[in-house]
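Colleague: Dumping the structure here so I can ask a few things about it.
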């Protein structure tokens, strides 16, 4: 590739009255990546929207990773990580930006991408419905600064031309966005047709099996999840609009392409890299919120007083410290917040924060690979816990507990932990929710915790928690059987 102009051009654009309608109109039935800081006061403070990518990197099970440049061909590699590193390495770093997000790579890394980093089982890969990963490379994005209430179009001046593509005028993007901001609403889609939850007995048996492994000394902690399938999710924009109203989150996202979509309301930061500063914020410890201040206050005190939850978080803090230490300067890894309480719309969590300084010669992408997947959604020891997850869970997790985020052309990155996340293929949504299992865990309480965590996401899909089972997992999955959804899932 030719050397590229690594400067930026920026233009102020209107702040939309209805951002969801504007994004829908801006995408115009095409692909869109929206990283959305929907929660008030969220630390990121910046949202990003990208369309018309310069390139797309994705990998399907059983196939090599592919980097596609529209009209310019395809490059393959057995490893999506290696192909991504190669593509990033060919792009000279751009200068700093005022905002934490800007042009660059945006997308998701599925949980099973860990199989390319460690020797791990692959028993359930055939159940995946979406690619292992999908990453867009954008030369132009719209960035929303929620603190200043300003929207800005940002363009990398030479990236598109360097990839052999015709340069795009920033004014064209701005005009398209201005037109999109005039959109106000759209018709409500038809109601969801069928849904099914995994039954209580199945998940409680899974937890008991994990407790046996903990008692045997195989692991200290493991994160176990259950899956709900929802059929009839034909309008991801509508579903995401409900989700951001019901459960706004600091690291939310909507990714939409073809017959696939990802909707996330994640409150958890897996990794942020800004120049040489690395930050991770693991979450452990959960109680439901119901909106009654007296009851919620009792639950807050109970959570903060819980030795079990404190021990659970402490174990994961140690794991994240070790992962960060692999790519950090010696002596720079420190716990800056040991255990704080955070309130979210349907639950409350305890969260820690660990910071470090990136080692010389290491990149933010290498730090992401060292952290992936987050220890907060695997357990400890990490590899042993992941093997037990594969043994006890009924299907591949896919996007759930992987990561969604952005790697900018300036080298900075922000990636979440993809919890409170639905993955949609051909109208069938897969919704996972889970929790950390330690020696003191009670199977019944763990099942209830999974329901509390799923409540906001299922409500966004018009499915109340506790709704009657209207079909088997296989019946719900029927429209997507070619993609393997629900193939080896247990019957309820």
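In this note's numbering, the protein residues as written are 2 to 493. For each residue, glycine too, the CB sits at the ideal point set by N, CA and C. Quick caveat, the model's predicted, so the values are computed rather than measured.
Determine which residues share a DSSP beta bridge with residue 426 and list them.
Modeller: As a working mapping, residue 426 is identified with position 425 in the chain shown. Its beta-bridge partners are 261 and 429.
Colleague: When we look at the beta-carbon of residue 299 and count the other beta-carbons within 10 Å, is it buried (16 or more) or exposed?
Modeller: Mapped onto the chain shown, residue 299 falls at position 298. Taking all protein chains shown into account, residue 299 has fewer than 16 neighbouring C-beta atoms within 10 Å of its C-beta and is therefore exposed.
Colleague: For residue 351 and residue 314, which I take to be in contact (beta-carbon distance under 8 Å), what is that distance rounded to the nearest angstrom?
Modeller: Position 350 of the chain shown, counted from the start, is the residue given in the question as residue 351. Position 313 of the chain shown, counted from the start, is the residue given in the question as residue 314. 6 Å between Cβ atoms; contact.
Colleague: Terminal residues of the continuous alpha helix (DSSP H) containing residue 247?
Modeller: Translated into positions along the chain shown, residue 247 becomes position 246. Counting along the chain, the alpha helix (DSSP H) containing residue 247 begins and ends at 237–247.
Colleague: Going straight from the alpha carbon of residue 81 to that of residue 228, what length do you get?
Modeller: To locate residue 81, count along the chain shown from 1; it is residue 80. To locate residue 228, count along the chain shown from 1; it is residue 227. Straight-line Cα distance between these residues: approximately 26 Å.
Colleague: Please name the residue, chosen from 436, 459 and 391, that lies closest to residue 115 on a Cα-to-Cα basis.
Modeller: Mapped onto the chain shown, residue 115 falls at position 114. The alpha carbon of residue 115 has as its nearest neighbour, out of 436, 459 and 391, the alpha carbon of 391.
Colleague: Please state whether the Cβ-Cβ distance between residue 155 and residue 108 is less than 7 Å.
Modeller: The residue you call residue 155 lines up with position 154 of the chain shown. The residue you call residue 108 lines up with position 107 of the chain shown. In this structure, residue 108 does not lie closer than 7 Å to residue 155 by Cβ.
Colleague: Where does residue 424 land, buried or exposed, given buried means 16+ other C-beta within 10 angstroms?
Modeller: Taking the chain shown and counting its residues from 1, the one referred to as residue 424 is at position 423. Classification for residue 424: buried.
Colleague: Helix, strand or coil for residue 331, going by three-state DSSP, please let me know.
Modeller: The residue you call residue 331 lines up with position 330 of the chain shown. It is coil, neither helix nor strand.
Colleague: Should the segment 120–127 be called in touch with the segment 161–175, which here means at least 3 C-beta pairs below 8 Å?
Modeller: no
Colleague: Hey, is the segment 136–144 in contact with the segment 50–64, meaning 3+ C-beta pairs nearer than 8 Å?
Modeller: yes
Colleague: Using the three-state DSSP reduction, which class does residue 213 fall into: helix, strand or coil?
Modeller: To locate residue 213, count along the chain shown from 1; it is residue 212. Correct three-state label for residue 213: helix.
Colleague: Considering only residues of the same chain and omitting the five flanking positions on each side of residue 14, which have a CB-CB separation below 7 Å?
Modeller: Along the chain shown, one-based indexing puts residue 14 at 13. Once the five neighbours on either side are set aside, the close Cβ partners of residue 14 are 143, 152, 153, 154, 175, 178 and 179.
Colleague: Would you list, in sequence order, the uninterrupted alpha helix (DSSP H) runs of no fewer than 4 residues that lie entirely inside the segment 335–411?
Modeller: 365–372 and 383–393
Colleague: Please report the Cβ distance between residue 353 and residue 318, rounded to the nearest whole angstrom; I am assuming they are in contact, meaning their Cβ atoms lie under 8 Å.
Modeller: Sequence index remark: in the chain shown, residue 353 carries index 352 (1-based). Sequence index remark: in the chain shown, residue 318 carries index 317 (1-based). So it is a contact: roughly 5 Å between Cβ atoms.
Colleague: Ordered along the chain, which non-local residues of its own chain (more than five positions away) have a Cβ less than 6 Å from that of residue 168?
Modeller: Translated into positions along the chain shown, residue 168 becomes position 167. Same-chain partners within the cutoff: 161 and 162.
Colleague: Quick check on the DSSP output: what are the complete beta strand (DSSP E) runs of length 3 or more inside the segment 18–102, in order along the chain?
Modeller: 33–37, 47–51, 56–60, 66–70 and 74–78
Colleague: What are the start and end residues of the alpha helix (DSSP H) that includes residue 494?
Modeller: For residue 494 there is no data in the structure shown, the boundaries of the chain being 2 and 493.
Colleague: Compute the beta-carbon to beta-carbon distance between residue 376 and residue 248, rounded to the nearest angstrom, for a pair I have assumed lies under 8 Å.
Modeller: To locate residue 376, count along the chain shown from 1; it is residue 375. To locate residue 248, count along the chain shown from 1; it is residue 247. Between residue 376 and residue 248, the beta carbon gap of about 24 Å keeps them out of contact (Cβ cut-off 8 Å).
Colleague: Relative to the C-alpha of residue 119, which residue among 101, 87 and 385 is closest?
Modeller: Reading the chain shown from its first residue, position 118 is the one you call residue 119. Answer by Cα proximity: 385.
Colleague: Which residues in the same chain as residue 481 place their Cβ atom closer than 7 Å to its Cβ, once the five residues preceding and following it in sequence are excluded?
Modeller: Taking the first residue of the chain shown as 1, we reach residue 481 at position 480. With a pLDDT of 35 at residue 481, under the threshold of 50, the modelled position of that residue is not reliable, and no figure is offered here.
Colleague: Spatial neighbours of residue 31 within its chain, please: CB distance less than 7 Å, with the 5 preceding and 5 following residues excluded, ordered by chain position.
Modeller: Within the chain shown, numbered from 1, the residue matching residue 31 stands at position 30. Counting only Cβ-Cβ distances below 7 Å, and skipping sequence neighbours, we find 52.
Colleague: If you drop the 5 nearest sequence neighbours on each side, which residues of the same chain put their C-beta closer than 8 Å to that of residue 205?
Modeller: Along the chain shown, one-based indexing puts residue 205 at 204. Result list for residue 205: 444, 445, 447 and 448, in chain order.
Colleague: Keeping to the same chain, check which residues put their C-beta closer than 6 Å to that of residue 460; ignore five residues upstream and five downstream.
Modeller: Numbered from its first residue, the chain shown carries residue 460 at position 459. Same-chain partners within the cutoff: 247.
Colleague: Going straight from the alpha carbon of residue 455 to that of residue 267, what length do you get?
Modeller: Locating residue 455 in the chain shown gives position 454, counting from the first residue. Locating residue 267 in the chain shown gives position 266, counting from the first residue. Computed Cα separation, rounded: 12 Å.
Colleague: Can you say whether residue 293 is buried or exposed, counting buried as having 16 or more other CB atoms within 10 angstroms of its CB?
Modeller: The residue given as residue 293 occupies position 292 in the chain shown. That one is exposed.
Colleague: Given this structure, state the Cα-to-Cα distance separating residue 255 from residue 329, to the nearest angstrom.
Modeller: Counting from one through the chain shown, the residue named residue 255 turns up at place 254. Counting from one through the chain shown, the residue named residue 329 turns up at place 328. Those two C-alpha atoms are separated by around 32 Å.
Colleague: When the Cα of residue 90 is compared with those of 410, 417, 462 and 432, which residue comes out closest?
Modeller: Here the question's residue 90 lines up with position 89 in the chain shown. Checked all of 410, 417, 462 and 432; the closest Cα to residue 90 is 410.
Colleague: Verify the contact flag: residue 312, CB atom, against every heavy atom of the ligand MN, threshold strictly below 6 Å.
Modeller: Of the ligands one can find in the structure shown there are none, so the ligand MN has no counterpart to examine.
Colleague: Considering only the alpha carbon of each residue, which of 348, 286, 24 and 420 lies closest to residue 257?
Modeller: Residue 257 sits at position 256 when you count from the first residue of the chain shown. Checking every option, the nearest Cα to that of residue 257 belongs to 24.
Colleague: Around the Cβ of residue 398, are there at least 16 other Cβ atoms within 10 angstroms (buried) or fewer (exposed)?
Modeller: Counted from its first residue, the chain shown places residue 398 at position 397. Residue 398 should be labelled buried.
Colleague: Using CA coordinates, which residue listed in 355, 339 and 200 is at the minimum distance from residue 332?
Modeller: Residue 332 sits at position 331 when you count from the first residue of the chain shown. Selected option, being the one with the closest Cα: 355.
Colleague: With distances taken Cα to Cα, identify the nearest neighbour of residue 365 among 165, 412 and 47.
Modeller: Counting from 1 along the chain shown, the entry for residue 365 is found at position 364. The shortest C-alpha separation from residue 365 is found at 412.
Colleague: Within the same chain, show all residues whose beta-carbon is closer than 8 Å to that of residue 27, passing over the 5 residues directly before and after it, in chain order.
Modeller: In the chain shown, counting from the first residue as 1, residue 27 sits at position 26. Result list for residue 27: 33, 50, 52, 143, 177, 178 and 181, in chain order.
Colleague: Under a CB-based cut-off of 7 Å, is residue 441 close to chain D?
Modeller: Here there is only one protein chain, and chain D is not present.
Colleague: Going by C-alpha distance, which of 92, 117 and 46 is nearest residue 105?
Modeller: Here residue 105 refers to the residue found at position 104 of the chain shown. Minimum Cα distance to residue 105 is reached at 92.
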